[in-house]
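Residues in the sequence shown are numbered consecutively from 7, following the numbering used here.
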Amino acid sequence: MRTARGFTLLEVLVALAIIAIAMGALIKGGAANAGNAAYLRDKTVAHWVAMNKAAELQLEAGWPPLGTTQGKVEMANRQWEWTARVVETPEADVRRVDLEVRAADDKKEAVLDRLSAFLPRK
Numbered sequence: 007m008r009t010a011r012g013f014t015l016l017e018v019l020v021a022l023a024i025i026a027i028a029m030g031a032l033i034k035g036g037a038a039n040a041g042n043a044a045y046l047r048d049k050t051v052a053h054w055v056a057m058n059k060a061a062e063l064q065l066e067a068g069w070p071p072l073g074t075t076q077g078k079v080e081m082a083n084r085q086w087e088w089t090a091r092v093v094e095t096p097e098a099d100v101r102r103v104d105l106e107v108r109a110a111d112d113k114k115e116a117v118l119d120r121l122s123a124f125l126p127r128k
């Protein structure tokens, strides 16, 4: 009598279970990677917004007044909110600007970028 060649039903089911578990881990890893990529994109654009605002303040005709100002700007087809806080420094002819940028549509209002710039008297 010849022996049957092939896999038993139990062996096939175990192999399918292992493949299903591995695929689940791959899908979860891919989703986490996509989420991280979106976060890094937002953080990069927020940094560009902060750098642009710092450049605008440097190019303005006068010295920025002390205090806090806020505004909105569109970049990369998205609205961004920025907050600029101008404070004095120990050097009388220099002011520090602390910028914070967040996505305008973010319900948590998490700050995505912080940037400090120093502006000399003109």
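Glycine residues also receive a C-beta, built at the ideal position from the N, C-alpha and C atoms.
From a predicted model like this one, the values you see are computed outputs, not experimental measurements.
In the three-state reduction of the DSSP assignment, G73 falls in the strand class.
Residue range 84 to 94 is occupied by the beta strand (DSSP E) that includes T89. Counted as a single uninterrupted DSSP element, the alpha helix (DSSP H) harbouring E17 occupies residues 15 to 65. Secondary structure at K78: strand, using DSSP grouped into helix, strand and coil.
Collapsing the DSSP output to three states places V100 in a strand. With contacts defined by Cβ atoms closer than 7 Å, D99 and R127 form a contacting pair. For R120, the enclosing beta strand (DSSP E) has its first and last residue at 119 to 126.
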